[in-house]
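Numbered by this note's numbering, the letters in the first sequence go through residues 5 to 567 in order. Beta carbons are placed, not taken as given, at the ideal position from N, Cα and C, and that holds for glycine. Have a look at the structure below, then the notes.
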Amino acid sequence: MNIIKQIENTIEQVILSSLKSCIKKQMLPDIEVNEITIEKPREKEHGDFSCNLAMIIVKQAKMAPKKIADMLIEQMDFKETYIEKAVCAGPGFINFFLNSDWLYDNTRYILNNPKIYGQSDYGKMQTINVEYVSANPTGPLHMGNARGGALGDLIAAVLDKAGYDVHKEFYVNDAGNQIDKFSKSLEARYLQEKLGKEKIEFPEDGYQGIDIIDHVKEYIKNETTDLVNVDEKLRQKMLVEYALPKNISAIQKGLARYGITYDQWFTEQSLYDSGAVEKMITYLIKKGHTKEYDNALWLKGSAMNSEKDEVLKRSNGFPTYFASDLAYHYNKFYERKFDRAINLLGADHHGHAMRMEGAMEAIGVKKEKLDIVIFQLVRLLRDGEVARMSKRTGKAISLDDLLDEVGVDAARFFFNMKQSGSHLDFDLELAKKQTNDNPVFYVQYAHARICSMLRILEEDGVKMDNNDVLDFSLLIEKEEILLMEKLAEYPNEIVISANTLEPSRMTRYVHDVAAMFHSFYNACRVKGVEKTLQQQRLNLVKATKVVLQNSLELLSITAPEKM
RNA sequence: GUGCCUGUAGCUCAGUUGGAUAGAGCAACGGACUUCUAAUCCGUAGGCCGGGGGUUCGAAUCCCUUCAGGCACGCCA
């Protein structure tokens, strides 16, 4: 149920059939209409919905837009619709005014279907693979992962509610160069621990983090096998096999704490084990998309709409990350047959994103099937200063540090307040504040306030289970109408978010709902008013609670009963 | 140098597919608690939508150009 879309469709029908009858009566010449826009006007005086048709067809009709609009309105039939009247305004807009029944009907629907309110069948159960975070398992999660996680999880949630069949996935980069670097770093730290720091040189491009040292210390403590005198390859292998699963499980735990769980953890190594990477490369060679020079195998720039060739296989014979990522996407579309794939990447990877998008046609995938969402990187601020290091640990601030400091609710909300394309400054002090300039508390407070109202009204002996009647006809105050309108927008907000893959509007939406409710609360009393009105307002309050609950759940933020 | 992203109120940002008088939050200022949570509400003020050109009935939105900031340009991932 998406009442906004329904009404838009109804209005479109009304307009088109009016146009038809105008043409039939030869008031207008034969007119071809490609696309008409029906939208909610900014100004309240411009009605509930507005349409631009009269202005679009000016040339075809050879008539002034206002004249066309008047003619169309004259021929309109509002029977069995919510439309009360239509008027021509401005340069030729047709503005539609609805009676309040649509709001009453929708509010009733919310109360009768609280669990599913917000869902729609817009996506027609298309299967979508959403891949996000996919952090390197060589260290802890950082702020980029934190933003990507909050964003990806909300995109997945919004798609799910909009009627898509969503598959959430984490791609584990457990193969390739960075694992090699990881194992050499571990080895160096291990030998440093065993033989003395000065005797062993640490690789220049190794991972400097303390976590590497922690791993080997732990290994020495817990494992009996001594690795000093074993073959170098074996030593590295043992250390990686010890540390990598620990890192992966730390990532899993960290994300779970953050409210993120996946349908699948897909490992890069499995693509090598199954021969999928080699197969991918062979396929590209066969298609003639490759060439060989400098001892390496390259994907031709022409195969991906680019000036530059890209290496698929290095001169040492190992495939690049690019090659395995192509195999991975081939797997998504051909082995697992997803209709679409969405892939979230930090802005520092946008070069890779463009390569991938460009290469889709070369691997036989329509480029519309892959959406890569690039999000800009995060700056942490403390008292207006850029904060890089954790005060407590002295290390780069990790997701766990962030959650310790501001909590899951604030983190999830703040990372989704801005569009992915904008740079995000995360104000640690603001996120912690329990005051009115912190939007998270503003929203949660609305929910807690409702719970408190319901408690007190119940103690007061007000009947709470009156859902069989559900009449709202006494709700005519401005604040009541605005609140109901806001509640009615919820399903469509989800659809728009799913469509644009920009779900930051959901945090704004839930903030708006809270604002409308607070206004209503201050303008319209529930306790102590006449019984019928009280019952209707009580039901509106309950419907508001449903929408707040559902949208907070969508954002993975708690809806507290008390604050 | 090339490519991608960003530029809107003092600050942080909205403004899906071009629409009517460009909107929120915070900060500022002035009001509202003996009454369901004042973590709230109501009001005031604040703008050459970076600059310049173009497209059209109509541009913050599309195109060109220019300026400023961020990021990326490896046989790393």
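Helix, strand or coil at residue i according to DSSP, with G and I counted as helix
i    : result
G321 : coil
Y287 : helix
I654 : Residue 654 is absent from the structure shown; the chain starts at 5 and stops at 567.
L99  : The displayed chain sequence assigns Asn, not Leu, to residue 99. It is a strand residue.
M5   : coil
F82  : coil
N133 : strand
I19  : helix
I561 : coil
K237 : helix
M393 : strand
C92  : strand
Y175 : strand
L474 : coil
D169 : strand
L316 : strand
E227 : coil
E49  : helix
I42  : strand
I87  : strand
F206 : coil
V62  : helix
V162 : helix
M67  : coil
Limits of the beta strand (DSSP E) - the one that residue i falls within
i    : result
N347 : 344–350
R386 : 382–386
Q268 : 268–271
T548 : Where T548 is concerned, there is no enclosing beta strand (DSSP E), although the alpha helix (DSSP H) it sits in stretches over 535–558.
S426 : S426 -> no beta strand (DSSP E), and no H or E assigned at all.
L231 : No beta strand (DSSP E) holds L231; DSSP gives it neither H nor E.
A300 : 300–303
K399 : From DSSP, K399 is part of no beta strand (DSSP E); its letter is neither H nor E.
V37  : Note, V37: premise wrong, no beta strand (DSSP E); not H, not E.
F379 : 374–379
CB of residue i within 8 Å of CB of residue j, strictly
i    : j    : result
V517 : S555 : yes
L558 : M520 : no
V232 : I183 : no
L461 : V530 : yes
K188 : G210 : yes
Y194 : A502 : no
C92  : A73  : yes
I264 : D157 : yes
A160 : S124 : no
Y126 : I11  : no
K437 : L428 : no
A2   : H146 : Residue 2 cannot be examined here, being either before or after the span of the chain that is shown, 5 to 567.
I19  : L76  : yes
P323 : I367 : no
T511 : F417 : yes
C2   : E483 : Nothing in the structure corresponds to residue 2, since the chain is present only between 5 and 567.
N6   : V499 : yes
E88  : F97  : no
Y266 : K336 : no
Whole-Å CB distance - residue i paired with residue j, under 8 Å assumed
i    : j    : result
F419 : A150 : 6 Å
E16  : I35  : With 8 Å as the limit, E16 and I35 do not qualify as a contact, their Cβ atoms being about 15 Å apart.
K221 : E197 : 7 Å
A254 : P144 : 7 Å
M488 : T111 : 5 Å
V410 : L385 : Not confirmed; about 12 Å, so no contact.
The alpha helix (DSSP H) enclosing residue i, as first and last residue numbers
i    : result
S501 : 482–504
S54  : Careful: S54 lies outside any alpha helix (DSSP H), inside the beta strand (DSSP E) at 53–55.
Y297 : No alpha helix (DSSP H) contains Y297, which is instead part of the beta strand (DSSP E) from 294–297.
S456 : 443–463
S278 : Premise fails: S278 is in no alpha helix (DSSP H) and is neither H nor E.
E433 : 432–436
Q182 : 181–199
M358 : 354–363
Y525 : 509–527
- Query: Pairing CB atoms from the stretch 125–134 with CB atoms from the stretch 343–362, are three or more of them under 8 Å?
  - Reply: yes
- Message: Closer than 8 Å is the cut-off here; do at least three beta carbon pairs connect the stretch 353–370 with the stretch 326–335?
- Response: Three or more Cβ pairs drawn from the stretch 353–370 and the stretch 326–335 lie within less than 8 Å of each other, which places the two stretches in contact.
- Query: Is the stretch 165–181 in contact with the stretch 222–238, if contact means three or more CB pairs nearer than 8 Å?
  - Reply: Between the stretch 165–181 and the stretch 222–238, the count of C-beta pairs closer than 8 Å stays below three; the two stretches do not touch.
- Query: Taking one C-beta from the stretch 100–117 and one from the stretch 535–551 each time, how about it: are there three or more such pairs within less than 8 Å?
  - Reply: yes
- Item | At least three beta-carbon pairs within less than 8 Å, the stretch 484–498 to the stretch 400–408 | no
- Message: Taking 8 Å as the cut-off, does the stretch 521–528 touch the stretch 448–459 (at least 3 CB pairs, one atom from each stretch)?
- Response: yes
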